[in-house]
Each structure stands twice: as structure tokens, then as C-alpha cells.
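What follows is one structure encoded as C-alpha cells, with my remarks underneath.
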Amino acid sequence: MKILISGGTGLIGSHFIDSRKNDEIFVLTRNKKTHHSSGNVTFVEWDGETLGDWAQVVNEVDVILNLAGENIGDKPWTDSQKERIIQSRLQSGQVLTQAVLQAEHKPELFVQASAIGIYGTENNQVFDESSSLGNDFLAGVGKQWESSIKGLAVTGIRVVIARFGVVLDKAEGAFPKMLLPFKLFVGGPLGNGKQWVSWVHIDDVAGALGFFVDSSEACGIYNITSPNPVRNAEFGKQIASVLNRPYWIPVPGFALRLILGEMSTLVLDGQNVLPKKLLQDGFSFKYNLHTQAIQDLLK
Numbered sequence: 002m003k004i005l006i007s008g009g010t011g012l013i014g015s016h017f018i019d020s021r022k023n024d025e026i027f028v029l030t031r032n033k034k035t036h037h038s039s040g041n042v043t044f045v046e047w048d049g050e051t052l053g054d055w056a057q058v059v060n061e062v063d064v065i066l067n068l069a070g071e072n073i074g075d076k077p078w079t080d081s082q083k084e085r086i087i088q089s090r091l092q093s094g095q096v097l098t099q100a101v102l103q104a105e106h107k108p109e110l111f112v113q114a115s116a117i118g119i120y121g122t123e124n125n126q127v128f129d130e131s132s133s134l135g136n137d138f139l140a141g142v143g144k145q146w147e148s149s150i151k152g153l154a155v156t157g158i159r160v161v162i163a164r165f166g167v168v169l170d171k172a173e174g175a176f177p178k179m180l181l182p183f184k185l186f187v188g189g190p191l192g193n194g195k196q197w198v199s200w201v202h203i204d205d206v207a208g209a210l211g212f213f214v215d216s217s218e219a220c221g222i223y224n225i226t227s228p229n230p231v232r233n234a235e236f237g238k239q240i241a242s243v244l245n246r247p248y249w250i251p252v253p254g255f256a257l258r259l260i261l262g263e264m265s266t267l268v269l270d271g272q273n274v275l276p277k278k279l280l281q282d283g284f285s286f287k288y289n290l291h292t293q294a295i296q297d298l299l300k
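Note that the sequence shown covers residues 2 to 300 in our numbering.
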């Protein structure tokens, strides 16, 4: 199998690549000088915005994974940062679509990243792939992200939209940030602790992407989340238990809003999102429970 990946040097992309040792992988990168091709992985330079020599690779591959996009949690949501978050997703999807449309040999599958933020935030509702979409900033980002590849509809190739939940990894992403207060003995619930955390272990993320690649039938929208979301308070209690740390100091919601501004929605607001379609299609999760996932990540 030959696979082209944008965003392949990020958390999700790198783990997926590690899980596909028998495939030939092409990784699109903005700075080829910092990455060296080796083994089954070849780095191809692009700017993420315009067609170029890199587009020739599209003729050679069976699968494209578009995982590119500015990290939503790294910097404050200033107007300029919001624009970067949106444009980084729009541009990569649009230019990859253009490359597919002009390719003589088209891939069999295109996997487009998205996120469960597209549903908006609501703690009293259960979301699956058929649920209505939200209207806040992250929902708007998700809608534009997914629409960036709408031009692929005329090609007839199989398209999967992967709506990722909170991806848990021991070294990168949200989880190390969650651990810090507990390591400092000041761990506790964020806000009232009742907000849902629709988490997923990084191994299951890589597994789900592999499931799409290896299946000839997977198509459409999929939530990439554990079958068992939990509330923030329960998630935090498990971290405290495994680390043998106290769980006692709640962080007031108003303080987080004051510090983080609009970005506080990432930690104070949640969604109870289920991977209904993945389960229906027969995907088996390695980590079904947050207790299992946290234990594994902290061992």
C-alpha cells in the first residue's frame, strides 16, 4: 500500500506511520531539511497552499490522509490565531483536492481529519455521527475543515471524515498538560467537573485510521472517540489515583475564563460523543475505559 500523508509529523500522523511498517509512506512537509527519509518513509516538500512538484506523488498512491492543521490549543485565540487555525485547514484540504482532481491515477481512499468540536458543546446530549452541528467557533472550524474537500465528490473515490476526540498520548497533546497540576499536588476538577471528556487513546486512533485504510467499505463520517466518555471529575480522579496524588483543589471556571479567554471552552465545555459508526462497522477498541487508558499511559 502506498500512502500520502499531510500532517504526518504531528501526533496522530507519526503514530499512524509507526503502525504501518509494511506500507510505503510519503509525508508532506513544509521543511524537508529537518526531516530525513528512511526505511519506508519518504518526505516530500510542499507549502500546504499551492500545487507544485509534490502533486506528482498523488498519481502514485492508493490512500491520502489529510491531517494538516494549526494546533488549536498551543496559542491564545487572538483574531490572527483564529484565522491561522481556519486557513491552515482550508488550504491543505483545498490544494490536496486540486491535486486529486488533476491526477491521472486517483487514490482509492481520501481520509480527511476533523474534530468533535463540530457538534458544539452540550453536557446533556449524546452525539453520534447523525447529530446536528453546533454554532460556536470550533464548530465553524469543523464545518469549513470538512467542506475544504467537497470537490472530491465528483471523483467517486471513497472519502472518510475522521472526527477526532481528545487524543491521549503520554508525551504529546492534551494529556501531559492534564498531568501537570497532579504532579504538583494541586490536581482537581476543572470548573464544576461535570463536563464530558470524549477521549481516545492514541493507539486506537492509529488503529481506526488503519481500519479505514484496510477496509474496502468504510466511507463517510466517523467519530474517533472511546465508546465510554467520562466526566472531567472522574477522569481527574483516575489520574490522581494512578499517580498517588491528592484530588482536592477545583479550578474555578471564572479563573480559567479570565486566563484563557474564549479558549477556555477546550477545558470547561464538553461533549458526550460516541463512535457509533466505528462500532457498527466492527472496529475493536484496545482501550474501552479511561481507567485502562490512563493506567497504560502512566505505566
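Every residue gets a Cβ at the ideal spot worked out from N, C-alpha and C, and that includes glycine.
Notebook entry, point to check: Distance, Cα to Cα, residue 159 vs residue 219?
Noted result: Rounded to whole angstroms, the separation of the alpha carbons of residue 219 and residue 159 is 8 Å.
Next item on the list: Out of 116, 131, 246 and 249, point me to the one whose CA is closest to residue 271's CA.
Entry: Selected option, being the one with the closest Cα: 116.
Notebook entry, point to check: Between the Cα of residue 189 and the Cα atoms of 54, 234, 22 and 126, which residue gives the shortest distance?
Noted result: 234
Check: Under a Cβ-count criterion, where at least 16 other Cβ atoms within 10 Å of its own Cβ denotes burial, should residue 22 be classed as buried or exposed?
Finding: exposed
Note to self: I'd like the list of long-range same chain contacts for residue 287, defined as Cβ closer than 7 Å, with 5 residues on each side in sequence excluded.
What the structure shows: Around residue 287: 202, 204, 205 and 208.
Margin query: Do residue 256 and residue 183 count as a contact pair if the criterion is CB distance below 9 Å?
Written below: no
Check: Should residue 154 be labelled buried (16 or more other beta-carbon atoms within 10 Å of its own) or exposed?
Finding: exposed
Check: From which residue to which residue does the alpha helix (DSSP H) around residue 186 run?
Finding: Careful: residue 186 lies outside any alpha helix (DSSP H) and carries neither H nor E.
Next item on the list: Locate the beta strand (DSSP E) running through residue 5, then write down its first and last residues.
Entry: 3–7
Checklist line | Check: residue 213 C-beta below 8 Å from any heavy atom of the ligand ATP | finding: As for the ligand ATP, it is missing from this structure, which has no ligand bound.
Notebook entry, point to check: Measuring CA to CA, which of 17, 42, 84 and 156 is closest to residue 25?
Noted result: 42
Next item on the list: Check residue 159 in the structure and name its three-state DSSP category.
Entry: strand
Check: When we look at the beta-carbon of residue 38 and count the other beta-carbons within 10 Å, is it buried (16 or more) or exposed?
Finding: exposed
Margin query: Strictly by DSSP, which residues pair up with residue 258?
Written below: Per DSSP, none; premise fails for residue 258.
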